[in-house]
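A.B. asks: When you line the sequence shown up against numbering that gives the first Met the number 0, it's residues 0 to 255, in that order.
Using N, Cα and C, we set each Cβ at its ideal position, and we do this for glycine too.
These numbers come from a predicted model, not from an experiment.
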Amino acid sequence: MDKAKRKAIIAGNWKMNKTATEAAKLVDELIPAVKDASCEVVICTPYTDLVTAVEKTKGTNIHVGAENVHFEKSGAFTGEISADMLVDLGVEYVIVGHSERRQYFAETDQTVNKRALAALNAGLKVIICVGESLQQREEGVTEELVRMQTKIALRDVTAEQMANVVIAYEPIWAIGTGKTATADQAEEVCAQIRKVIGEVYGEAVAEAVTVQYGGSMNAKNCEELLSKKDVDGGLIGGASLKAPDFAVIVNAASNG
Ligand code: 13P
């Protein structure tokens, strides 16, 4: 299978931005801006914006995701949100293992795996984030680290469930810094991720899985990054908060 046959996915990660009122306005701007996209368009919003986003995007080509999910089904976990709660709202995607969750909220490869499994078992599609710090890159362990993160995150995920898995390669040093990975750096690691998936699940699953790049992807650099053969889409932070910029990226993925 070549890249053209894989599903290109552009997903916005709004992070902790936009009140529900502001979200309504941004979604209203996004709907016409991305309506002709041939790639999949996803917006991952704060929990408090999900109802607004789901309601407003009904009947459009925009899919809605959350930014995290807890791994237990229910119970005494104050402040947490379960996969069933997201499904019941009409949410379709969820991000797990974002580096900000790993860095600031003590998430580990093991909890990322538990969250991914809970989400998949509830019928959600998951975007699993992996990626190295600057120090890890400089120490030359990017490949080993990303292999390990990918393998552990996918433990007990079935080959069938892989149809609902997206992997996002997000080098931590490129997130929110304006310092994008070069297209060749992005391609190298995205190809390594596909290789690991091939080792675990076989060639057909590896060729079908969508691998995104994330980290300062914007309207200017998206075309080059998305032209690479193993970069099937993007996970977009800052640029997803501006409808015109997000639309440029969506259109670049639609043409690629
Ligand atoms: P930026 O696009 O703001 O660098 O964020 C990337 C990211 O973390 C998406 O999940």
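1) Since residue 228 and residue 185 should fall inside the 8 Å C-beta cutoff, what is the C-beta to C-beta distance between them, to a whole number of angstroms?
2) In terms of residues, what are the limits of the alpha helix (DSSP H) holding residue 249?
3) Can you look up residue 128 in the DSSP assignment and give me helix, strand or coil?
4) Let's see if you can read the secondary structure: which residues bound the alpha helix (DSSP H) around residue 156?
5) Give the single residue among 61, 168, 20 and 107 whose Cα lies nearest to the Cα of residue 231.
6) DSSP puts residue 209 in a beta bridge; with which residues?
7) Find out if the Cβ-Cβ distance for the pair residue 130, residue 171 is shorter than 7 Å.
8) Quick one: Cα of residue 182 to Cα of residue 2, how far?
9) Three-state secondary structure (DSSP) at residue 12?
10) So is residue 61 in contact with chain E if we call contact Cβ pairs under 7 Å?
11) For the beta strand (DSSP E) containing residue 66, list its first residue and its last residue.
12) Which whole-angstrom value is the C-beta distance of residue 32 and residue 242, which I expect to be below 8 Å?
13) Looking only at C-alpha atoms, which of 89, 212 and 237 sits nearest to residue 124?
14) Tell me where the alpha helix (DSSP H) around residue 233 begins and ends.
15) Using a Cβ distance threshold of 8 Å, determine whether the region 36-47 contacts the region 116-123, with at least three qualifying pairs required.
16) Give the secondary structure of residue 137 by DSSP, where H, G and I count as helix, E and B as strand, and everything else as coil.
17) Nearest-angstrom Cα distance between residue 146 and residue 215?
18) Strictly by DSSP, which residues pair up with residue 40?
19) Give me the Cα-Cα distance between residue 16 and residue 237, rounded to the nearest whole angstrom.
20) What do you reckon, are the CB atoms on residue 80 and residue 112 nearer than 7 Å?
C.D. replies: Let me lay it out:
1) Not really, about 11 Å apart at Cβ, beyond 8 Å.
2) 242-254
3) strand
4) Here residue 156 belongs to no alpha helix (DSSP H), and DSSP marks it neither H nor E.
5) 168
6) 165
7) yes
8) 16 Å
9) strand
10) In summary, chain E is missing from the structure at hand, where a single protein chain is found.
11) No beta strand (DSSP E) contains residue 66, which DSSP labels as neither H nor E.
12) 5 Å
13) 89
14) Per DSSP, residue 233 belongs to no alpha helix (DSSP H); it is in the beta strand (DSSP E), 232-235.
15) no
16) helix
17) 22 Å
18) 9 and 61
19) 10 Å
20) no
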